[in-house]
Ligand code: RTP
Ligand code: MG
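In this note's numbering, the protein residues as written are 194 to 344.
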């Protein structure tokens, strides 16, 4: 297991349907982060309830559950310096209409419910979410030649 920080990023069903997967990947790649896990998955309600455990029971949960299980999600694990915090900042605010231009949500969305992308909100959440969405053997430790130019 790598000692580098990792985060869980998911391209939500709206963005998969709209052909935005490559745009999200590109943002993380060009920033200097390393992709260590990726898969396309149709999320079950059980998985979503674990993933969004802090939101289960809230008024917006049924609509969010239905949206998040409406089509495939691209689940990714990205690695690198400060990736959890930087990833959240690259995503922008939860509501795309409050997200600055230049952020993923600010550039690609306008709807709170269909806000393009998920990102872990803390290092602890990232560990929990990566463990929910990936098996250990689905994550690859590899050395990026970019690293020497970026650190
Ligand atoms: P995410 O977990 O999806 O990355 O989003 P987030 O941290 O920015 O926001 P969070 O508070 O965790 O909310 C999870 C998702 O629930 C939807 N939401 N709807 N009042 C509402 O209708 C409402 N509030 C939140 C959003 O789609 C948000 O991404
Ligand atoms: Mg959240």
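Just so you know, even glycine gets a beta-carbon here, dropped at the ideal spot from N, CA and C.
task: Mind checking which residues open and close the beta strand (DSSP E) that includes residue 172?
output: An answer regarding residue 172 cannot be provided, because it is not within the stretch 194 to 344 covered by the chain.
- By DSSP, does residue 268 sit in helix, in strand, or in coil? Strand.
| query | For the ligand MG, is there a heavy atom less than 6 Å away from the beta-carbon of residue 304? | reply | False, no ligand heavy atom lies under 6 Å from that Cβ.
So that I know if they touch, is there some Cβ in chain D lying closer than 7 Å to that of residue 290?
Going by chain labels, chain D is absent from the structure shown, which holds only one protein chain.
Following a CB-centred definition, is residue 207 positioned closer than 6 Å to any heavy atom of the ligand MG? no
So is the beta-carbon of residue 136 under 6 Å away from any non-hydrogen atom of the ligand RTP? Nothing in the structure corresponds to residue 136, since the chain is present only between 194 and 344.
Could you tell me whether the segment 303 to 320 touches the segment 270 to 285, using the rule of 3 or more Cβ pairs below 8 Å?
yes
Do residue 349 and the ligand RTP come close, with the Cβ less than 6 Å from some heavy atom? The structure shown has nothing for residue 349, since the chain only spans 194 to 344.
Where do the ends of the alpha helix (DSSP H) carrying residue 343 lie?
340 to 343
Going by C-alpha distance, which of 337, 340, 344, 327 is nearest residue 268? 327
Whole-angstrom distance between residue 337 and residue 283, CA atom to CA atom = Straight across, the Cα-Cα distance linking residue 283 with residue 337 is about 21 Å.
For the segment 215 to 222 against the segment 235 to 255, are there 3 or more C-beta pairs whose distance is under 8 Å? The answer is no - the segment 235 to 255 does not touch the segment 215 to 222, with fewer than three Cβ pairs under 8 Å.
Whole-angstrom Cβ separation of residue 266 and residue 206, contact assumed at under 8 Å? Yes, they are in contact, since the Cβ atoms of residue 266 and residue 206 sit about 6 Å apart, within 8 Å.
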